[in-house]
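Colleague: Just so you know, the sequence shown maps onto residues 1 to 91 in UniProt numbering.
Ideal Cβ positions, reconstructed from N, Cα and C, are used throughout, including at glycine.
Would you mind keeping the following structure in view while I ask a few things?
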Amino acid sequence: MHEWTFQRDNCSNLARKVKMFNDRDMVKLDLRAMNWEKYVAIYQMGVRKFILKQDFKSTARLRLSRLYWIHQITKMCSITILLWIIYRVVY
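In structure tokens, the structure reads:
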């Protein structure tokens, strides 16, 4: 069977040395206190910039353009429905 085996000897040694030298305030080893949402957001930005070579400006511009057109279509549909209702009430 295929299995992955991970060793955490380096982390254990580092935690022991940090504890020995009383540097707990400088070196944060407790991953439970980490803000994972912020970490993942920064990680994704790094992947997009350095691995995928994507430009953030073009991505943001494309999203803004999509939102603009969705807004315009929504406004036109609302106006059309409102005019139809007025027409049905008057005639």
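If we count Cβ pairs, one from each stretch, closer than 8 Å, do we get three or more for the stretch 22–37 versus the stretch 45–54?
Modeller: The stretch 22–37, when compared against the stretch 45–54, does not touch it at the 8 Å Cβ threshold.
Colleague: Going by DSSP, what residue range makes up the alpha helix (DSSP H) through W69?
Modeller: Here the alpha helix (DSSP H) through W69 covers F56 to V90.
Colleague: As an exercise, report each continuous alpha helix (DSSP H) stretch of at least 4 residues that is fully enclosed by the UniProt domain "Fatty acyl-CoA reductase C-terminal" (1–54), in chain order.
Modeller: Segments of the alpha helix (DSSP H) lying fully in the UniProt domain "Fatty acyl-CoA reductase C-terminal" (1–54): 9–21 and 36–46.
Colleague: Would V18 and L31 qualify as a contact pair, given that the criterion is a beta-carbon distance under 9 Å?
Modeller: No. Outside cutoff.
Colleague: Going straight from the alpha carbon of S58 to that of K49, what length do you get?
Modeller: So the alpha carbons of these two residues sit roughly 12 Å apart.
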